[in-house]
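Enquirer: When you read off a place in the sequence shown, starting at 1, and then add 172, the result is the number in my numbering. Got a structure for you, questions after.
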Amino acid sequence: MRGVSMQVIIAEHAGFCWGVKRAIEIATNTRKTEGNTVYVLGHLVHNEEVVHKLEEMGIEIVEDFTRAKEGSVLLITAHGLDYKIIQRAKNAGFRVIDTTCPIVQKVHRLTRNFLDEGRKIIIIGHSNHIEVKGLNAVADGCAQIVGSIEEIESIYLELQDRVGIVAQTTFNIIQMQEIVDALHHRFPAVDFAIKDSICYDVKDKQNEIRELASQVDAIVVVGSKASSNTTRLYEIALTMCPRTYFVSKAEELPIDFPGGEKVCVTAGASTPDWLIQEVVEYLRNADFRSL
Numbered sequence: 173m174r175g176v177s178m179q180v181i182i183a184e185h186a187g188f189c190w191g192v193k194r195a196i197e198i199a200t201n202t203r204k205t206e207g208n209t210v211y212v213l214g215h216l217v218h219n220e221e222v223v224h225k226l227e228e229m230g231i232e233i234v235e236d237f238t239r240a241k242e243g244s245v246l247l248i249t250a251h252g253l254d255y256k257i258i259q260r261a262k263n264a265g266f267r268v269i270d271t272t273c274p275i276v277q278k279v280h281r282l283t284r285n286f287l288d289e290g291r292k293i294i295i296i297g298h299s300n301h302i303e304v305k306g307l308n309a310v311a312d313g314c315a316q317i318v319g320s321i322e323e324i325e326s327i328y329l330e331l332q333d334r335v336g337i338v339a340q341t342t343f344n345i346i347q348m349q350e351i352v353d354a355l356h357h358r359f360p361a362v363d364f365a366i367k368d369s370i371c372y373d374v375k376d377k378q379n380e381i382r383e384l385a386s387q388v389d390a391i392v393v394v395g396s397k398a399s400s401n402t403t404r405l406y407e408i409a410l411t412m413c414p415r416t417y418f419v420s421k422a423e424e425l426p427i428d429f430p431g432g433e434k435v436c437v438t439a440g441a442s443t444p445d446w447l448i449q450e451v452v453e454y455l456r457n458a459d460f461r462s463l
C-alpha cells in the first residue's frame with residue numbers, strides 16, 4: 173500500500189550563514205590563485221561533506237601548522253583561533269589568511285574592551301569549542317567559562333569585582349539568558365556588563381524552529397554533529413517536537429521515518445544547500461507510513 177504523502181516545509185533560515193559562505197569563498201579563491209596545496213588549520217567549517225569537497229580541491233586540513241609545507245598558505249577557520257598560534261605561524265614563515273567570521277572578530281574586540289575597563293571575563297559557551305578557546309586566549313587565558321547553570325557553581329567572584337560577559341556566537345539564546353539571570357542571583361553585588369554576542373543568524377534559526385515546531389508533525393535537522401550551532405538547533409527542536417531527527421545526509425533518515433501531513437526541514441549554519449535539497453527531495457519522493 174502506498175505511504176502517506178507529506179508537505180515538506182523548508183525553514184527560511186536553513187543553511188549557510190554569510191560568515192561560512194565568506195570563509196569558503198576565501199578558501200576556494202585562494203586555492204585557484206595559488207595553484208598549490210592550501211592548508212587549513214583545523215576544519216574550515218564543521219561539516220564533513222563540505223570538508224571532503226574542499227579536500228578534493230586541494231585544500232588540506234592540518235591540526236598543527238608544523239605539519240604544513242613551509243612557506244605555504246595557511247587558512248585560519250571561520251571560528252577564530254588563539255592569536256598567539258597565528259603569530260607563531262607567521263613567524264614560522266607561513267602566509268596566513270584569516271577567514272574568522274567578522275561576528276566572532278567583534279566578540280574578540282568586545283572582550284578586549286572589557287579587559288581595558290579592568291573587568292574580569294566570563295564566557296558563556298562550551299569550553300572545548302574552538303571559538304571559546306580563541307576567546308579565552310583574547311582574555312589572556314584568564315576567563316571563567318560557563319556552559320550551563322550547573323557550572324555556575326565553579327564560578328568564583330568577589331563582591332568588588334567588575335565582570336564582562338560575552339557568549340559563544342552559536343550558544344542557545346534562551347539558555348544564555350538563564351545563565352545570566354542565575355549569575356545575577358548568585359552574585360547580586362557584582363557589577364556585570366553583558367554583551368549579547370550570539371550571532372543574529374543563529375538567533376533567526378533558533379527562533380524560527382521554535383515557531384515552526386508547533387505547526388508540523390516532524391522536524392529534520394540537517395548538519396554535522398560536530399557543529400555546535402546545528403546541535404543547539406536539534407536540541408531546541410527536540411524539546412518542542414518529539415519526532416525530531418538529526419541527520420548529516422538523506423541516507424541517514426530511518427527506513428521507518430514516520431510520514432505525516434507536514435515535515436519541517438532546517439539546517440545549521442555550516443550545512444550547504446545541496447545537502448538540504450537532497451533531504452527535501454528524499455522526503456518528497458519516498459513513501460512513509462502514517463504518524
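From the three backbone atoms N, C-alpha and C, an ideal C-beta is built for every residue, glycine too. None of these values were measured; they are calculated from a predicted model.
Out of Asn379, Ile321, Cys413, which has the shortest C-alpha to C-alpha gap to aspartate 389?
Expert: Out of Asn379, Ile321, Cys413, Cys413 has the C-alpha closest to the C-alpha of aspartate 389.
Enquirer: Could you name the residues of the same chain whose beta carbon sits closer than 6 Å to that of cysteine 371, not counting the 5 residues immediately before and after it, in chain order?
Expert: Ile275, Thr341.
Enquirer: Lysine 377 to isoleucine 257, Cα distance in whole Å?
Expert: 32 Å
Enquirer: Give the single residue among Leu282, Gly207, Ala439 whose Cα lies nearest to the Cα of valine 338.
Expert: Taking only the C-alpha atoms, the option nearest valine 338 is Leu282.
Enquirer: Are the Cβ atoms of threonine 202 and glutamate 232 separated by less than 7 Å?
Expert: Annotated as distal: threonine 202 and glutamate 232, with beta-carbon spacing of 7 Å or more.
Enquirer: By Cβ distance, which residues of its chain are closer than 7 Å to valine 352, with the 5 residues on each side in sequence left out?
Expert: The residues are Ile337, Ile366.
Enquirer: What does the alpha-carbon distance come out to for the pair valine 451 and glycine 187?
Expert: 12 Å
Enquirer: Under 7 Å, do isoleucine 294 and glutamine 316 count as touching if we go by C-beta distance?
Expert: Their beta carbons are under 7 Å apart, which means isoleucine 294 touches glutamine 316 by this criterion.
Enquirer: Could you give the distance in angstroms between the alpha-carbon of aspartate 236 and the alpha-carbon of glutamine 387?
Expert: 46 Å
Enquirer: Are methionine 178 and valine 437 closer than 7 Å when you measure CB to CB?
Expert: The answer is no: Cβ separation not under 7 Å.
Enquirer: Can you tell me whether leucine 447 is helix, strand or coil according to DSSP?
Expert: The three-state reading of DSSP puts leucine 447 in helix, counting H, G and I together.
Enquirer: Return yes when the Cβ of asparagine 219 is within less than 7 Å of the Cβ of serine 369, no when it is not.
Expert: no
Enquirer: Using CA coordinates, which residue listed in Gly230, Ile324, Lys292, Tyr211 is at the minimum distance from threonine 271?
Expert: Tyr211
Enquirer: Given a cut-off of 7 Å on the beta-carbon distance, is the pair alanine 250 and cysteine 273 in contact?
Expert: yes
Enquirer: Under three-state DSSP, which class holds proline 360?
Expert: coil
Enquirer: At which residue ranges does the region 381-441 contain complete beta strand (DSSP E) runs of 3 or more residues, listed in the order of the chain?
Expert: 390-394, 416-419, 434-439
Enquirer: Could you check where the beta strand (DSSP E) with lysine 292 kicks off and where it finishes?
Expert: 292-296
Enquirer: Helix, strand or coil for glutamate 232, going by three-state DSSP, please let me know.
Expert: Glutamate 232: strand per DSSP, three-state reduction.
Enquirer: Residue range of the beta strand (DSSP E) that leucine 331 falls in?
Expert: No beta strand (DSSP E) holds leucine 331; DSSP gives it neither H nor E.
Enquirer: Terminal residues of the continuous beta strand (DSSP E) containing isoleucine 503?
Expert: Coverage of the chain is limited to positions 173 through 463, which leaves residue 503 absent and any answer about it impossible.
Enquirer: Please name the residue in Ala361, Ile345, Lys397 whose C-alpha comes closest to that of glutamate 380.
Expert: It is Ile345.
Enquirer: Check whether the Cβ atoms of leucine 447 and valine 393 sit closer than 7 Å, and answer yes or no.
Expert: no
Enquirer: According to DSSP, is alanine 186 helix, strand or coil?
Expert: coil
Enquirer: Starting from valine 473, trace the alpha helix (DSSP H) in both directions and tell me its first and last residue.
Expert: The chain is shown only over 173 to 463; residue 473 falls outside these bounds and no answer can be derived.
Enquirer: Can you tell which of Pro444, Ala311, Arg456, Phe359 has its C-alpha closest to the C-alpha of proline 430?
Expert: Arg456
Enquirer: Report yes if the C-beta distance between aspartate 137 and cysteine 189 is below 7 Å; otherwise report no.
Expert: In the structure as shown, the chain begins at 173 and stops at 463. Residue 137 is therefore absent and cannot be evaluated.
Enquirer: Please classify alanine 195: does DSSP put it in a helix, a strand, or coil?
Expert: Collapsing the DSSP output to three states places alanine 195 in a helix.
Enquirer: Using beta-carbon positions only, say whether aspartate 363 and arginine 334 come within less than 7 Å of one another.
Expert: yes
Enquirer: I'd like to check one pair, leucine 331 with alanine 354: are the Cβ atoms closer than 7 Å?
Expert: No, Cβ-Cβ distance for alanine 354 and leucine 331 is not below 7 Å.
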